[in-house]
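J.:
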Ligand SMILES: Nc1ncnc2c1ncn2[C@@H]1O[C@H](COP(=O)(O)OP(=O)(O)OP(=O)(O)O)[C@@H](O)[C@H]1O
Ligand SMILES: [Mg+2]
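Residue numbers (our numbering), protein chains in the order written: chain Y, 52 to 368; chain V, 128 to 411.
1) Quick check: the Cα distance between residue 250/Y and residue 195/V, rounded to an integer number of angstroms?
2) Between residue 201/V and residue 210/V, what straight-line distance do the alpha-carbon atoms span, to the nearest angstrom?
3) If contacts are defined as beta-carbon pairs under 8 Å, then residue 313/V and residue 226/V qualify, I think. What distance do you get, rounded to the angstrom?
4) Given a cut-off of 7 Å, decide if residue 118/Y and residue 284/Y are closer than it, judged by their beta-carbon atoms.
5) Kindly indicate if chain Y contains any beta-carbon less than 7 Å away from that of residue 251/V.
6) Are the C-beta atoms of residue 62/Y and some chain V residue less than 7 Å apart?
7) In whole angstroms, what is the alpha-carbon distance linking residue 71/Y and residue 327/Y?
8) Buried or exposed for residue 153/Y, please, with buried defined as at least 16 other CB atoms from any protein chain shown within 10 angstroms of its CB.
9) Using a C-beta to C-beta distance shorter than 7 Å, which residues of chain V count as neighbours of residue 234/Y?
10) Take residue 140/V and list the residues in its own chain whose beta-carbon comes closer than 8 Å to its own, dropping the five residues that flank it on each side.
11) Does the structure place the stretch 227 to 236 of chain V close enough to the stretch 200 to 208 of chain Y that three or more beta carbon pairs sit under 8 Å?
12) To the nearest angstrom, report how far apart residue 234/V and residue 358/V are at their CA atoms.
13) Could you run through the stretch 322 to 339 of chain V and flag, in chain order, every residue whose CB is less than 9 Å away from some CB of chain Y?
14) Between residue 186/V and ligand 2, is there a pair consisting of the residue's CB and a ligand heavy atom that are separated by less than 6 Å?
15) Output the boundary residues of the alpha helix (DSSP H) element that contains residue 74/Y.
16) Is the CB-CB distance between residue 241/V and residue 309/V below 7 Å?
17) Can you grab the Cα-Cα spacing for the pair residue 307/Y / residue 314/Y, in whole Å?
18) Let me check understanding here. Comparing Cα to Cα, which of 386/V, 361/V, 163/V and 390/V lies closest to residue 377/V?
19) Can we say the stretch 184 to 197 of chain Y touches the stretch 130 to 137 of chain Y, given the rule of at least three CB pairs closer than 8 Å?
20) Can you pull the chain V residues whose beta carbon is under 8 Å from the beta carbon of residue 237/Y, in chain order?
21) State the DSSP-derived secondary structure class of residue 194/Y, mapped to helix, strand or coil.
22) Taking 6 Å as the cut-off, is the C-beta of residue 165/V nearer than that to any heavy atom in ligand 1?
23) Looking at the C-beta of residue 225/Y, does it have a partner C-beta in chain V at a distance below 7 Å?
24) Look up residue 270/V in the DSSP assignment and say whether it is helix, strand or coil.
25) What is the rounded straight-line gap between the Cα of residue 397/V and the Cα of residue 326/V?
26) Where does residue 215/V sit, in a helix, a strand or coil, going by DSSP?
27) Assign residue 173/Y to one of three DSSP states: helix, strand, or coil.
28) Sort 184/Y, 179/Y and 289/Y by Cα distance to residue 343/Y and report the nearest one.
29) For my contact list, residue 176/Y and residue 162/Y are in at a C-beta cut-off of 8 Å; report their separation, rounded to the angstrom.
30) Answer yes or no: do residue 221/Y and residue 255/V have a C-beta to C-beta separation smaller than 7 Å?
31) Whole angstroms is fine: what's the gap from residue 353/Y's alpha carbon to residue 164/V's?
32) Quick check: residue 186/V and residue 346/V, are their CB atoms within less than 7 Å of each other?
33) Using 7 Å as the limit for Cβ to Cβ distance, is residue 242/V near chain Y?
34) Any idea what DSSP makes of residue 81/Y, helix, strand or coil?
35) Let me check one thing: in DSSP terms, what residues is residue 258/V bridge-paired to?
36) Can the beta-carbon of residue 301/Y be found closer than 7 Å to that of residue 246/Y?
Here it is, written out as structure tokens:
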């Protein structure tokens, strides 16, 4: 049970990352690898602030702001300096590696027993239940873990709702259109480059927020923690789409969150069954590869027959 | 911006004025194309200009220059009395409504019909954090879309990508005119449609233009459209205006006259070519 709660919590925290990837990959069609660096940046800023005894809320928001700035830089590299989107992401991610080490001052910052969301969850749980463990459906679970789960759920739900609201405002619909058909929305008076910069900033802010929460939950920030996170986010978004489809904005956002949680659960189960943790990234990458390629392979014979059907009437006439 | 030369000022009352507009693509390379070679044009408010010309004569480039898709190399462009020569495309959108040749260019395919129209309802205006689709706007959308008589008013929440080319062009026209544009640019907007949809879209076009007295530039390859529509015609040839018909001349013009003009331009081209070959053979 503790394992399940842990997997759910991490899945929820990483669903903020999935939402970030939804914005960069689905709205703007950019595989933005900056998030590998910004998730760590969020964790680093948050951890350092917490160690200095800053209020955890401020520390978390500080991480978020760091991600915004990172996304801003990537966006400006693309829009102002016309650097290819993949390359801009790689440049900023690489630069962020050094920045993160500078922020932390070393490659790992532990957060043991410093005041954070987790210690708040623990204290609140003790006060509410009066003991460190409660029984849930017959299982004994730590109140700390339970409240961490509920807290993440609350934060993720609030973030997803805020995004849903944003993408239906005038600015938000224009941003979606800027990704969908830049030529069209430019003709309607939108500065597409500016909107792309804002979108990437928002995406990286969310990734950093995810990193800030993750650091508090696992009790440390680490210079390596962002490695391969883009692919993780992609996997979540793809699983989400197979769960809910992408027919509407609400379903797509919900799908990204659900996909992240489900993916984390699957991974937890696989690890429990003896999957070598070293293989995790390999398998994630293979999964995304398969998800990208399989639909095309499956479509191919169909497309062939459609083309044949389209030609048939021409031949008659 | 103060004008150094009075001759560069637009004629008073002109809605669109082009003064010696030039554009060369890929200048200095083997692919150099002198797409606009000094175009002068002046349209009073409410004028409907039809632009004809062979492939590659610079018709689309002219419309793109007006819309601001690129900066022109030389010359001045005034729209509604404002010098827009250095304005970026998205800033000119406040003054200009556009419909493109490709039905896919004018709409955002994954977004709904209603959302596309709502985006157009704020063309050139500041966009804020209010709902993109307030109830008041929705009712108006339904009303306007039902006037197209295409049965789309019950499908406002469908993705626009699921519609036919003709339906998309009709909606794009509606979008371009939702806020009355100072200038409407139509670039072969029926070329990709089957004859029936093309007719439908042309009818809608002339309805909208007459009802709102829009100043319009329409590119077409159809002589018939050119004869039936508009109150003036220019024929483009090799990046400049080869001939122009207005007023009574335009009214008298028939399809055979236009074809004759075309033939003339084509012959002149061939002469140029023979001359070039001759020079080439003689001197090289
Ligand atoms: N972005 C561009 N880059 C390079 N060359 C261009 C560009 N746009 C247009 N051209 C060239 O400029 C010339 C004029 O093109 P334009 O599209 O204006 O012709 P058009 O009159 O619209 O022809 P059509 O009837 O085929 O649409 C062509 O030779 C074209 O290849
Ligand atoms: Mg053209």
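Beta carbons: idealized from backbone N, C-alpha and C, even for Gly. This structure is a prediction, so every number in the text was calculated from the model and none was measured.
T.: Reading off the structure:
1) 24 Å
2) 13 Å
3) That belief holds up - the Cβ atoms of residue 313/V and residue 226/V are roughly 5 Å apart, short of 8 Å.
4) No, these two residues do not count as a Cβ contact at 7 Å.
5) Yes, because at least one Cβ of chain Y sits closer than 7 Å to the Cβ of residue 251/V.
6) No, its Cβ sits nowhere closer than 7 Å to a Cβ of chain V.
7) Cα to Cα, residue 71/Y sits roughly 28 Å from residue 327/Y.
8) exposed
9) 232
10) 171 and 172.
11) no
12) 29 Å
13) none
14) Yes, since a heavy atom of ligand 2 falls inside the 6 Å radius drawn around the Cβ of residue 186/V.
15) Segment: none, residue 74/Y is in no alpha helix (DSSP H) and carries neither H nor E.
16) no
17) 10 Å
18) 361/V
19) no
20) 216, 217 and 220
21) helix
22) no
23) yes
24) helix
25) 35 Å
26) coil
27) Note: residue 173/Y maps to helix in three-state DSSP.
28) 289/Y
29) 18 Å between Cβ atoms; not a contact.
30) yes
31) Low local confidence applies: a pLDDT of 46 at residue 353/Y is under 50, so the model's placement there is unreliable, with the coordinate-based value given in what follows. Their backbone Cα atoms lie some 49 Å apart in a straight line.
32) yes
33) yes
34) Of the three classes helix, strand and coil, the one that applies to residue 81/Y here is coil, per DSSP.
35) 220/Y
36) no
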